[in-house]
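Working notes, structure below.
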Amino acid sequence: NFMSEDEFRAKFSGLCGPYLEEKRLEQLADSLLNLDGAANVAEVFSLSRPLGV
Numbered sequence: 006n007f008m009s010e011d012e013f014r015a016k017f018s019g020l021c022g023p024y025l026e027e028k029r030l031e032q033l034a035d036s037l038l039n040l041d042g043a044a045n046v047a048e049v050f051s052l053s054r055p056l057g058v
């Protein structure tokens, strides 16, 4: 069974929260949930880098 969006966000936040600031964490989660509509996947994955890296 697939996770609900709330389950995904909770797990994602728990795993990535220590490495990304809150705004970037939310942007990346939103982008991943809408990956099928992304014009450029590289932009989505650039959000996975902590600021300053």
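Letter 18 of the sequence shown, counting from 1, is numbered 23 in our numbering, and no numbers are missing.
All residues carry an ideal CB built from backbone N, CA and C; glycine is no exception.
Please read these numbers as outputs of a predicted model, since none were measured by experiment.
Nearest to residue i (by Cα), restricted to the options the options
i, options, result
"arginine 54", "Leu40, Asn39 and Lys28", "Lys28"
"glycine 19", "Leu52, Ala34 and Asn6", "Ala34"
Residue i: first and last residue of the uninterrupted alpha helix (DSSP H) it sits in
i, result
"aspartate 11", "10-21"
"phenylalanine 50", "46-51"
"leucine 37", "27-38"
Sequence-distant residues of its chain with Cβ nearer than 8 Å to residue i (five each side left out)
i, result
"valine 46", "Leu40"
Cβ shell of residue i (< 6 Å), same chain only, five flanking positions each side left out
i, result
"glutamine 32", "Leu52"
8 Å contact criterion, which residue i and residue j should meet: CB distance rounded
i, j, result
"leucine 37", "valine 49", "7 Å"
Short CB-CB distance (under 7 Å) between residue i and chain B
i, result
"leucine 33", "Any reference to chain B falls outside this structure, which holds one protein chain only."
Residues near residue i by beta carbon distance below 7 Å, same chain, minus five either side
i, result
"glycine 22", "Leu30"
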